[in-house]
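Asker: Sharing a structure with you now.
2 protein chains.
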Amino acid sequence: MNDVIDVMLAHRSIRTYTDEVVPDVDIKAAVAAGQKASTSSNIQTYSLVHVTDSAKREAFIEISGGQEKVRDCGAFFVVCGDMRRHRLLAERCGSNCEENVESFLLSVIDASLFAQNMALAFESMGWGTCFIGGIRNDLNAVQALLDLPQSVAPLFGMTVGRAAEEPWPRPRFPVDTIIHENGVVADDDVLGQCDAYDELMKGYYLQRGASGRTWCGQMERFFEQPKRPHLLAFFESTGVRWR
Amino acid sequence: MNDVIDVMLAHRSIRTYTDEVVPDVDIKAAVAAGQKASTSSNIQTYSLVHVTDSAKREAFIEISGGQEKVRDCGAFFVVCGDMRRHRLLAERCGSNCEENVESFLLSVIDASLFAQNMALAFESMGWGTCFIGGIRNDLNAVQALLDLPQSVAPLFGMTVGRAAEEPWPRPRFPVDTIIHENGVVADDDVLGQCDAYDELMKGYYLQRGASGRTWCGQMERFFEQPKRPHLLAFFESTGVRWR
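Laid out in structure tokens, this is it:
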């Protein structure tokens, strides 16, 4: 199609890396390109922590449930929602900065748009990437480890580095499962789409040596228990008022 | 640098469009490329509504505070977090689907990574884009207009079309304001960075005929009142348990 779409279509997360370090010039290029993503009213409510300290990297392995790629990758980042600039500016002029569901959404969306551009920029330079949601296993620990102040909330990590594996791309839903016209499909059709997707996924699971697995089977109990229940209180402690 | 980064660096939101319609082939290509963005554990918790109905487009102008580009653009989309597939799969097997802060975060991040890839894919094909956060002025109205069921939550809109303007790109923070090593900077340094950014922004505001304006001045009262306070109850009504 074109080079941009080709890089998107070639995406697969990289979970095994060589020991090649990502040079600063590539990091700055990817961050600057990431920042050009849209940001609501130019508020830019995010910050990026580049974790270079090896003891901290080890701690992140434990927080994220034993993901050794956090140590082994060429660069490890923590993407944060950051409302601190706005809070400090408000405090300086005697005003308020009310953090609520909307400001939380703004910072998560802003940070995610930035991060996706940054990840794709790294991939366009030949690096592999993986988002590390596992840091949300314990955001209090992340906050302490990085000494994060009020109004700065870690959201997810990202490993970047030279791929030492060549994984199969995971098939996504067919386009027609995602896109709807003027509304969405009925519940029964949703289940049919999920079952149809499992047919698509058979080859992928077979190649991974997990021939009995299905996407529906993975997902039907995925949210059986409330996940990471500490997050409500954690984000409240950073300043978000849920009430 | 390379074609991918060049398209990122050329980004500016487009708010005035010609009447050229975006063809389906380009929409499907952008959505498929968007879907290749990372998604946590391949859960793919998002859906896209392509709003083609002209009465609905008119209603979105009103919801989003008079943004006529919603009518005038070549294609208008609503990006939704979508936990319905998981809920229906859980219900089918007699399990639960617990929607909480973590599942909300997962769906917002997934949807945003998808949307940023999609926007950039459109831009790589020569189309202009603009994210429309203004639909969050009244998500109950959006829900009614698109007849959205439980567990499907509209997050933001996106206009796509042929640019009928050539706006200046808005400067972002310098890279060093965003990226930090092993922690973040002190409060005093944050305020210094904000003031320094205003120097960068002077030329931009001058060019826009708003020479007295500053970024700090815009931001210091931006969150003075809680924004869109209905969102807490709205997302709760879609299934999110904040407690």
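One line per chain: the protein sequences are A and B, in this order.
Position 129 (the first sequence) corresponds to 392 in my numbering; numbering is contiguous.
Position 22 (the second sequence) corresponds to 285 in my numbering; numbering is contiguous.
Each residue gets a CB set at the ideal place from its N, CA and C atoms; glycine is no exception.
The structure displayed is predicted, hence computed values, not measured ones.
(1) Leaving out five residues on either side along the sequence, give the residues of the same chain with a beta carbon under 8 Å from the beta carbon of B:TYR280.
(2) Looking only at its own chain, which residues have a Cβ that is under 7 Å from the Cβ of B:GLN330, when we skip the five neighbours before and after it?
(3) Throw me the rounded Cβ distance for the A:VAL447 and B:LEU411 pair, which I believe falls under 8 Å.
(4) Which residues share a DSSP beta bridge with B:THR392?
(5) So, with DSSP's three-state summary, where would you put B:PHE498?
(6) Kindly indicate which three-state DSSP category A:PHE436 falls into: helix, strand or coil?
(7) By the 10 Å Cβ neighbour count, where 16 or more other Cβ atoms means buried, how is B:CYS393 classified, buried or exposed?
(8) Helix, strand or coil: which one does DSSP assign to A:LEU383?
(9) Rounded to whole angstroms, what is the Cα-Cα separation between B:ALA407 and B:GLU444?
(10) In chain order, which continuous runs of the beta strand (DSSP E) of length 3 or greater are located wholly inside the stretch 286-356 of chain A?
(11) Closer than 8 Å is the cut-off here; do at least three beta carbon pairs connect the stretch 478-493 of chain B with the stretch 339-352 of chain A?
(12) Helix, strand or coil for B:ALA416 per DSSP?
(13) With 7 Å as the C-beta to C-beta threshold (strictly closer), list the residues of the stretch 273-299 of chain B near chain A in chain order.
(14) Please state the DSSP three-state secondary structure of A:ILE442.
(15) Please list the partners that B:THR315 has in chain A, where partner means a Cβ-to-Cβ separation under 8 Å.
(16) By the DSSP assignment, the alpha helix (DSSP H) with A:VAL270 in it spans what residues?
(17) Within the 9 Å Cβ cut-off, does B:TYR309 reach chain A?
(18) Whole angstroms are fine: how far does the CA of A:ASP450 sit from the CA of B:SER414?
(19) To which residues of the same chain is A:ARG504 closer than 8 Å at the C-beta, ignoring the five residues directly before and after it?
(20) Quick one, which residues of the stretch 311-341 of chain A are near chain B if we go by CB-CB under 9 Å, in chain order?
(21) Hey, does A:ASN403 have any beta-carbon neighbour from chain B nearer than 9 Å?
(22) For B:GLN437 versus B:ARG275, is the C-beta distance shorter than 9 Å?
(23) By the 8 Å beta-carbon criterion, what residues does the stretch 417-428 of chain B contribute toward chain D?
(24) Quick one: using the 10 Å Cβ neighbour count with 16 as the cut-off for buried, is A:VAL288 buried or exposed?
(25) Go through the stretch 450-497 of chain A residue by residue and report every complete run of the alpha helix (DSSP H) that reaches 4 residues or more, in order.
(26) What residues of chain B sit near A:PRO430, judged by a beta carbon separation below 7 Å?
Answerer: Checking against the coordinates, here is how it stands:
(1) The residues are LYS332, ASP335, CYS336, GLY337, GLY391, THR422, GLY424, ARG425, ALA426, ALA427.
(2) Same-chain partners within the cutoff: ILE324, ILE395, GLY397.
(3) Confirmed, about 6 Å.
(4) Per DSSP, B:VAL423.
(5) Helix, per DSSP.
(6) Correct three-state label for A:PHE436: coil.
(7) Label assigned to B:CYS393: buried.
(8) A:LEU383: helix per DSSP, three-state reduction.
(9) About 46 Å.
(10) Within the stretch 286-356 of chain A, the complete beta strand (DSSP E) runs of at least 3 residues fall at 309-313, 338-345.
(11) The stretch 478-493 of chain B is in contact with the stretch 339-352 of chain A.
(12) Strand, per DSSP.
(13) Close to chain A, meaning a Cβ-Cβ distance shorter than 7 Å, are the following residues of the stretch 273-299 of chain B: HIS274, SER276, LYS291, ALA292, VAL294, ALA295, ALA296, GLN298, LYS299.
(14) Correct three-state label for A:ILE442: strand.
(15) Taking a Cβ-Cβ threshold of 8 Å, the residues of chain A close to B:THR315 are GLU444, ASN445, in chain order.
(16) 266-272 is the extent of the alpha helix (DSSP H) around A:VAL270.
(17) Yes - at least one Cβ of chain A is within 9 Å of the one on B:TYR309.
(18) Computed Cα separation, rounded: 11 Å.
(19) The beta carbon of A:ARG504 lies closer than 8 Å to those of GLU361, GLU362, ASN363 in the same chain, with the five residues before and after it left out.
(20) Within the stretch 311-341 of chain A, contact with chain B at the beta-carbon level (separation under 9 Å) is assigned to LEU311, VAL312, HIS313, VAL314, THR315, ASP316, LYS319, PHE340.
(21) A:ASN403 does not count as touching chain B.
(22) Note that residue 437 of chain B is Pro in the sequence shown, not Gln. Remark: C-beta atoms of B:PRO437 and B:ARG275 do not approach each other more closely than 9 Å.
(23) Of the protein chains in this structure, namely A and B, none is chain D.
(24) Under this definition A:VAL288 is an exposed residue.
(25) The alpha helix (DSSP H) runs lying completely inside the stretch 450-497 of chain A and spanning 4 residues or more are 450-470, 478-483, given in chain order.
(26) Result: empty, since nearest Cβ-Cβ is about 13 Å, beyond 7 Å.
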